[in-house]
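Going down the list, the sequences are from chains A and B.
The opening position of the first sequence corresponds to residue 1 in my numbering, with each subsequent residue numbered one higher.
The opening position of the second sequence corresponds to residue 1001 in my numbering, with each subsequent residue numbered one higher.
Beta carbons: idealized from backbone N, C-alpha and C, even for Gly.
Report on the following structure.
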Amino acid sequence: MLTPVAQPPATRLHDPMLPSLHRVEHARWDTDDTFSLELARVDGATIPPFEPGQFNMLYVYGVGEIPISISGDPARRDMLVHTTRAVGTVTRAMSTLKVGDTLGVRGPFGTTWPVDAARGRDVVIVAGGIGLAPLRPAMYRILAHREHYNRVVLLYGARTPGDVLYRKELEQWRAHFDLDVFVTVDRATGSWRGSVGLVTSLIGRAPFDPLNTAAMVCGPEVMMRFTTAELEKRGVKGDLIYVSMERNMKCAIGLCGHCQYGPFFICKDGPVFPYRRVQHLLSKWEI
Amino acid sequence: MTKRTRQDSETPNIIESRDFQALFDSLAKQGYRLVGPMVREGVVIVDDIAQVSELPIGYVDEQEKGTYRLTHSSGSAFFGYGLGPHSWKKYLFPPRMRLWQAQRHNGSFAIAADDSTAQEVQPLALIGVRACELAALAIQDRVFMGDYPDPHYKAQRERLFIVAVNCIHPESTCFCTSMNTGPRATGGFDLALTEVLEADRHYLLTQVGSDAGAKVLEAVPHRPATREEKAAADTLISHAAEHIERSMNTRGLKELLPASSESPHWDAIAARCLACGNCTLVCPTCFCATVEDTTDLSGENAERWRLWDSCFTTEFSYVIGGSVRASVKSRYRQWLTHKLSTWVDQFGTLGCVGCGRCITWCPVEIDITEEVRAIQAQHATISDGAGRKKKDAHA
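Right, dumping it as structure tokens:
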């Protein structure tokens, strides 16, 4: 079994409920409903170090605060990148922020993808929809230390071709000789000639050695349910599968109770869990 | 304020009822803000108090499933009633608390922490804390002073004086004895009182639990208790223990409840439960909170408040796409499983102290002890059935 996911000491903040101010440096729409913000600290300090898989609480002045995973490169200390869908009150307000606007950030919080512990193995990353955002820092970290891994496979499923996130980057990665990138969509539209079907259908034919593979999975809960089952069917050891869970969160420090998932607080025991720890919960509804 | 636990063998003291006010005065003189029980709108609540005469003197209450009746008797007992709907948690974990304020200027904004800093939290004396509530406080200590200590809770907790009162009139809804939390206060207090009301005498047998307690007692007329007085108080408490009617068998519950997540009994409870959240509001250990972000009309000033929340609301588990726990069944299951099982995983203790408030204040008379028993019985029946089948197969 890989070493358990750890919470870096950097998350021990002085007053964890007090946001620090960040300024929007870049803002862009990735798809029709999904946008990315690049943030720098207003006081000019470097951003606190984070690990792939962690999240921040982002506060829009007067509107509210929500948890959003960090989707930038952990090697960069000048800029914080967050990608999110404009679907709720806070994210819609956030989508209207312009370069130079201010927002509050608390974090980073939570557990991390086992990127370092997966060295020496094949790595399979399976993402559904916006689930690619929290996995992108893991990709960056792996690519920065490519020599430590065997095969690296990214399997990504989006609803439609227009919903494919980070499209340019995916195309660049796909051009790497040492990377296997497969993209599929639930529904083909327009000129799409790529794969059509659920991301689970890619698992059976992806090139990796199931007996020596670490898998990282993030997407809607039902997608993770079927993906983990498919990975196990292919022969990937359950001990080497990791998933990232989502729940309502108000505090991110294990006090508000909202993110409970069985015995866990997703904010501090997660969001990244070894599959074995949550397997019994994943199969149940309304937990 | 060091809280040295004193020896149980230390001789208790006697405060005569006529001198009880001196205890209030002594606490006030030492700078404590006093809070204690009083009657308001037909129930016993806790609020700021200065005089013994403000206590619900002579009041008795009657509690049953979904029932609370307070009546005034001719008696003169200070503490002749049971627990009201208020628990002490409201002082350490306020129902509404501002976390910070923000001001907008030049297109940006600035955030300032609120004034709930340690220095400004006034020492607080809780008067009339029952044994089960001391247990609840110990549970909340683990919740709020763990990985990320809550600054307000911690500051107030460190400036707390506790006058415990041993229970001698348990309610029918109480089940502290089976939860090992009462009726006698065994620790975690500064002073513990047992009220003894005889035909011709009225006194408070007073046990000192800390140096702070001893110091407060110095200014109150008192004398060592006689063996007879101590025996009289002990008898009242053991008598109370014998009169606890309800019970909960917690053995194996930690494993049983998650294993029973698909039990049809959750549907049976959901058919009655209104998901009103009363149980979570009166519970002395429930700690869930939400935050509220507001702005004033000018939009120049924003605030964040923390408010008590309840896992019985649909919003509680809302994520994009809908509420995770959309059914009432899943919400009751979450509450009960958390209290009696996953709480142990999270904090190393049960989340229930047997105070019975959730039973009294449930408008549809759902009784946590009955529901637990029903799930246990169902499990026993299933196990029995399985056992029989195996035997049959053998034969």
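Under the DSSP assignment, Ser-20(A) falls in the beta strand (DSSP E) whose first and last residues are 20-29. Annotation: Glu-1365(B) is outside any alpha helix (DSSP H) and is labelled neither H nor E by DSSP. Interface residue (Cβ-Cβ distance to chain B less than 7 Å): Glu-246(A) is classified as such. According to DSSP, Gln-1063(B) shares a beta bridge with Tyr-1068(B). Along the segment 70-128 of chain A, the beta strand (DSSP E) occurs as fully enclosed runs of 3 or more residues at 80-85, 102-109, 122-128, listed in sequence order.
Neighbourhood of Cys-218(A) in chain B, by CB distance below 9 Å: empty, with the nearest CB roughly 14 Å away.
DSSP assignment within the segment 1144-1213 of chain B yields the following whole beta strand (DSSP E) runs of 3 residues or more, N-terminal first: 1160-1165, 1191-1197, 1202-1208. As DSSP reads the structure, Pro-1224(B) sits in a beta bridge with Asn-1013(B). Secondary structure at His-258(A): coil, using DSSP grouped into helix, strand and coil.
With its beta carbon at least 7 Å from every one in chain A, Tyr-1091(B) lies outside the interface.
By the CB criterion at 7 Å, Gly-157(A) and Gly-128(A) fall inside the cutoff.
For Glu-51(A), no Cβ of chain B is located within less than 7 Å of the residue's own Cβ. Residues Gly-1188 of the same chain have their beta carbon placed closer than 7 Å to that of Ala-1138(B), with the five preceding and five following residues left out of the count.
Around Gln-1156(B), no beta-carbon contact reaches into chain A at under 7 Å, the shortest distance being about 15 Å.
Bounds of the alpha helix (DSSP H) holding Ser-1026(B) are 1020-1029. Within the model, the alpha-carbon separation for Val-42(A) versus Phe-264(A) is close to 34 Å. Counting along the chain, the unbroken beta strand (DSSP E) around Trp-1100(B) starts and ends at 1096-1105. By the rule that beta-carbons nearer than 7 Å mark a contact, Ser-1317(B) touches chain A. Going by C-alpha positions, Thr-1206(B) is about 16 Å away from Pro-1183(B). Here the C-alpha atom of Ile-142(A) lies approximately 9 Å from the C-alpha atom of Ala-118(A). About 6 Å separates the Cβ atoms of Glu-51(A) and Pro-74(A), confirming a contact at the 8 Å cut-off.
Apart from sequence neighbours up to five positions away, the residues of its chain that approach Leu-132(A) with a beta-carbon distance below 7 Å are Tyr-156, Leu-165, Tyr-166, ordered along the chain. Using a Cβ-Cβ distance cut-off of 8 Å, the segment 1280-1290 of chain B and the segment 250-260 of chain A are in contact, since at least three pairs of beta carbons, one from each stretch, lie closer than that value. Within chain A, the residues whose beta carbon sits less than 8 Å from that of Ser-1330(B) are Trp-285, Glu-286, Ile-287, listed in sequence order.
Counting only the Cα atoms, Leu-21(A) lies some 41 Å from Leu-1134(B). Taking the Cα positions, Trp-1100(B) is about 23 Å away from Arg-92(A). Looking at the backbone, the Cα of Asp-239(A) and that of Ala-27(A) are separated by about 39 Å. Non-local beta-carbon contacts of Ala-138(A) in its own chain, meaning distances under 8 Å to residues more than five positions away in sequence, involve Pro-52, Gly-53, Trp-113, Val-115, Ile-125, Met-216 in chain order. Residue environment: Trp-1343(B) is assigned as buried (16 or more neighbouring CB atoms within 10 Å of its CB, all protein chains considered). Nearest CB-CB separation between Cys-1352(B) and chain A: not below the 7 Å threshold. Only buried fits Thr-84(A), as 16 or more other CB atoms lie within 10 angstroms of its CB. Take the alpha-carbon of His-1338(B) and the one of Ala-1380(B): they are about 22 Å apart. Counted as a single uninterrupted DSSP element, the stretch harbouring Ile-266(A) is not any beta strand (DSSP E) but the alpha helix (DSSP H) occupying residues 266-269. Per DSSP, Thr-1295(B) is not a residue of any alpha helix (DSSP H); the beta strand (DSSP E) it occupies stretches across 1289-1295.
Using a Cβ-Cβ cut-off of 7 Å, Tyr-61(A) counts as an interface residue toward chain B, since at least one Cβ of chain B sits closer than that to its own. The beta carbon of Lys-1329(B) lies closer than 6 Å to those of Trp-1266, Asp-1267, Ala-1270 in the same chain, with the five residues before and after it left out.
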